[in-house]
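Numbering (the working numbering), first residue to last: 1 to 364.
Everything below concerns the one structure shown next.
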Amino acid sequence: MMKPEAESKPQERRPVVVCIDDDPEILKSLKRLLRSDDYEVVATADPGEALDRILQPPVDVFIADQRMPGVDGTELLRVVERKSPQTRRMMISAYPEPVWRAASEPSLIQHFIPKPWNDELLKAILRRVTTPRSRKAAAPRRSSPLGLDFMKEIPLLVDCAGRYTFQINPRILKMLRKGRREGRSILAVLEGLDRLKDDPAALIADLELGVTASGVALNLVDASGLAARHLELRGNPSPLLSVWGPDATRPARSFVLVDPATPRRVFLKLLLDGLGQVCRTADNPEQGRELLQRERCDRILVDVSDPRHTMDWIEELSQLEPPISVVPLLPETRRWHPDVFDRWTLDAPLIRPYALREVLALTA
1 MMKPEAESKP
11 QERRPVVVCI
21 DDDPEILKSL
31 KRLLRSDDYE
41 VVATADPGEA
51 LDRILQPPVD
61 VFIADQRMPG
71 VDGTELLRVV
81 ERKSPQTRRM
91 MISAYPEPVW
101 RAASEPSLIQ
111 HFIPKPWNDE
121 LLKAILRRVT
131 TPRSRKAAAP
141 RRSSPLGLDF
151 MKEIPLLVDC
161 AGRYTFQINP
171 RILKMLRKGR
181 REGRSILAVL
191 EGLDRLKDDP
201 AALIADLELG
211 VTASGVALNL
221 VDASGLAARH
231 LELRGNPSPL
241 LSVWGPDATR
251 PARSFVLVDP
261 ATPRRVFLKL
271 LLDGLGQVCR
281 TADNPEQGRE
291 LLQRERCDRI
301 LVDVSDPRHT
311 MDWIEELSQL
321 EPPISVVPLL
331 PETRRWHPDV
341 FDRWTLDAPL
351 IRPYALREVL
361 ALTA
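Here is the structure:
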């Protein structure tokens with residue numbers, strides 16, 4: 001008696017990725033990269049064509065550039081969110097502002113990758129978001145070799161060059177605006193994880209992370225009430241990770257932060273707020289002068305990207321009695337001329353992107 005043939009398993013469909021960018025070379029690169037991983041790729045510079053494809057489900061991922069003639073990526077992602085909410089929304093851009101623009105819409109940009117992107121990081125993100133849930137559930141749960149299984153939500157970014165930086169988490173920003181204090185203990189420092197930067201895909205797989213601006217992002221809301229915690233990773237005696245909150249054993253310092261760029265100003269204020277400090281902000285020297293007249297201040301943080309706009313005010317600050325500590329804020333790509341530091345007594349500058357250890361040192 002012949003045995004009935006085993007029922008053939010239905011063939012899994014290829015994940016569909018729609019890419020829109022006004023640069024044909026970018027589209028060629030994305031098509032070549034994604035087709036090598038067996039995605040069905042729709043690459044176009046026409047917003048109408050991209051949105052028409054959204055109306056023909058399924059579409060697993062929609063990748064949009066931010067700046068395009070006549071339309072920007074956030075507008076397209078809003079349409080995708082409305083017409084096809086199950087489609088993952090990703091932005092690829094050389095400009096960081098989409099993250100800040102979406103801070104009030106935390107669900108809009110689900111993943112953000114900077115140009116030029118890291119191929120392995122981009123493919124790892126796509127594999128993660130397009131893997132069917134049934135396969136995820138069936139896959140054996142492996143423990144992270146770093147012992148970081150419990151670390152799901154720390155505000156850390158790993159960019160395509162492997163540098164660790166930080167960003168505002170929209171959910172925490174919303175909590176802080178509402179006055180909820182659960183969002184205060186959210187700061188983290190990662191040290192000694194150099195080997196991870198060579199394998200961003202493994203980092204994502206190990207921690208099962210969400211991914212957003214410049215790479216890997218996690219968000220910790222520590223409602224435990226601990227002033228500070230020190231965590232050690234399994235298998236390594238050195239303290240690779242420290243999670244900091246407000247230190248109740250020392251009084252908070254008072255800062256005035258003057259920076260014309262709103263994203264930078266809000267970000268640094270959140271760092272200081274998260275460390276239990278008092279930080280008041282201004283976007284120009286005139287507002288900063290008014291704050292100094294009304295409020296006590298221990299340190300003034302002044303953006304000096306263009307010293308021509310701040311030299312007179314620095315001169316004024318240097319003559320205050322009693323003296324106030326002045327910390328210049330500088331971009332990594334620019335250095336202030338040494339004679340500026342010789343002329344006035346200024347603290348060591350804080351260089352962007354801000355290292356949390358250096359921000360932490362301001363509170364000592």
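Using N, Cα and C, we set each Cβ at its ideal position, and we do this for glycine too.
From the DSSP output, read off the bridge partner residues of residue i.
{"i": "Pro328", "result": "Val302"}
{"i": "Val61", "result": "Val17 and Arg88"}
{"i": "Pro114", "result": "Ser93"}
{"i": "Arg67", "result": "Asp72"}
Got a sec, what are the start and stop residues for the beta strand (DSSP E) residue i sits in?
{"i": "Val372", "result": "This structure gives no information on residue 372, because the portion of the chain shown stretches from 1 to 364."}
{"i": "Glu40", "result": "Glu40 to Thr44"}
{"i": "Pro352", "result": "A small correction: the amino acid at residue 352 is Arg; Pro does not occupy that position in the sequence shown. From DSSP, the beta strand (DSSP E) with Arg352 extends over Leu350 to Arg352."}
Whole-angstrom Cβ separation of residue i and residue j, contact assumed at under 8 Å?
{"i": "Arg352", "j": "Pro331", "result": "5 Å"}
{"i": "Leu329", "j": "Leu301", "result": "6 Å"}
{"i": "Ala43", "j": "Leu27", "result": "4 Å"}
{"i": "Val258", "j": "Asp303", "result": "6 Å"}
{"i": "Asp60", "j": "Arg88", "result": "7 Å"}
{"i": "Thr281", "j": "Arg265", "result": "5 Å"}
Can residue i and residue j be called in contact, C-beta distance under 8 Å?
{"i": "Gln277", "j": "Arg294", "result": "no"}
{"i": "Gly70", "j": "Met91", "result": "no"}
{"i": "Leu108", "j": "Glu81", "result": "yes"}
{"i": "Pro47", "j": "Leu76", "result": "yes"}
{"i": "Val256", "j": "Leu292", "result": "yes"}
{"i": "Asp37", "j": "Lys123", "result": "yes"}
{"i": "Cys297", "j": "Ile324", "result": "yes"}
{"i": "Glu40", "j": "Arg78", "result": "no"}
{"i": "Pro260", "j": "Asn284", "result": "yes"}
{"i": "Pro57", "j": "Ser84", "result": "yes"}
{"i": "Thr119", "j": "Leu33", "result": "The question names Thr, yet the displayed sequence has Asp at residue 119. Yes, the pair counts as a contact, with Cβ atoms nearer than the cut-off."}
Tell me the residue span of the alpha helix (DSSP H) that contains residue i.
{"i": "Glu286", "result": "Pro285 to Arg294"}
{"i": "Ala282", "result": "Note, Ala282: premise wrong, no alpha helix (DSSP H); beta strand (DSSP E) at Val278 to Ala282."}
{"i": "Leu51", "result": "Pro47 to Ile54"}
{"i": "Leu257", "result": "That residue, Leu257, is in no alpha helix (DSSP H); its beta strand (DSSP E) goes Ser254 to Val258."}
{"i": "Ser318", "result": "Met311 to Ser318"}
{"i": "Pro365", "result": "Here the chain covers residues 1 to 364 and nothing more, so residue 365 does not appear."}
I want to see whether chain D comes within less than 8 Å of residue i, judged by CB atoms only; does it?
{"i": "Arg67", "result": "No chain D is part of this structure, which consists of one protein chain only."}
When you compare the segment 56 to 68 with the segment 12 to 21, are there three or more beta-carbon pairs, one atom per stretch, that lie closer than 8 Å? yes
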